[in-house]
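S.K.:
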Amino acid sequence: MTHLDLLRSPNFKRSFERKIVAHINAEYLKAGMSPPLPKYVNNMATYAEANVSKLANRVRTGAVLFAQLLDEQKEASK
């Protein structure tokens, strides 16, 4: 199983989304602000505020890029 496949698996995806929500909540609390509440659509946390949605999407994009890099490194080492 590749790292990209792992990101697509439902259980891992749910766990990853919970980590994203926890990270966003921690950042808001650290800044002394009330954290936004996510809504889950297709096992993805969505936010009403555009800047929070952008942050969540950046984290997801970073995870995909990192998974691709790990898969490429694994292939190159064969």
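Number 47 in the working numbering belongs to position 44 of the sequence shown; there are no gaps in the numbering. Ideal Cβ placement from N, Cα and C applies to all residues, glycine included.
#1: Go ahead and pull the three-state DSSP assignment for Arg43.
#2: In or out: Tyr121 buried (at least 16 other Cβ within 10 Å) or exposed?
#3: Please identify the residue among Lys81, Leu68, Ser80, Ala79 whose C-alpha is closest to the C-alpha of Leu7.
#4: For the candidate residues Asn46, Val44, Val55, whose alpha-carbon lies nearest to that of Tyr31?
#5: By Cβ distance below 7 Å, which residues in the same chain neighbour Gln71 in space, the five residues on each side in sequence not counted?
#6: Taking only runs that begin and end inside the stretch 8-65, name each unbroken beta strand (DSSP E) of 3 or more residues, in chain order.
#7: Mapping the DSSP letters down to three states, classify Lys77 as helix, strand or coil.
#8: Look at Ile27 and Leu73 and say whether their C-beta atoms are less than 8 Å apart.
M.R.: Straight from the coordinates:
#1: As a working note, residue 43 is residue 40 in the sequence shown. According to the sequence displayed, residue 43 carries Tyr and not Arg. Of the three classes helix, strand and coil, the one that applies to Tyr43 here is strand, per DSSP.
#2: There is simply no residue 121 to check, as the chain begins at 4 and stops at 81 in what is shown.
#3: Taking the first residue of the sequence shown as position 1, residue 7 is located at position 4. Answer by Cα proximity: Leu68.
#4: Within the sequence shown, the letter at position 28 stands for residue 31. That would be Val55, whose Cα lies nearest to the Cα of Tyr31.
#5: Locating residue 71 in the sequence shown gives position 68, where the first residue counts as 1. Excluding sequence neighbours, Gln71 sits near Leu7.
#6: 42-44, 47-49
#7: Locating residue 77 in the sequence shown gives position 74, where the first residue counts as 1. In the structure shown, Lys77 sits in a helix (DSSP, three-state: H, G or I).
#8: Your numbering for residue 27 matches position 24 in the sequence shown. Your numbering for residue 73 matches position 70 in the sequence shown. Not closer than 8 Å, so no.
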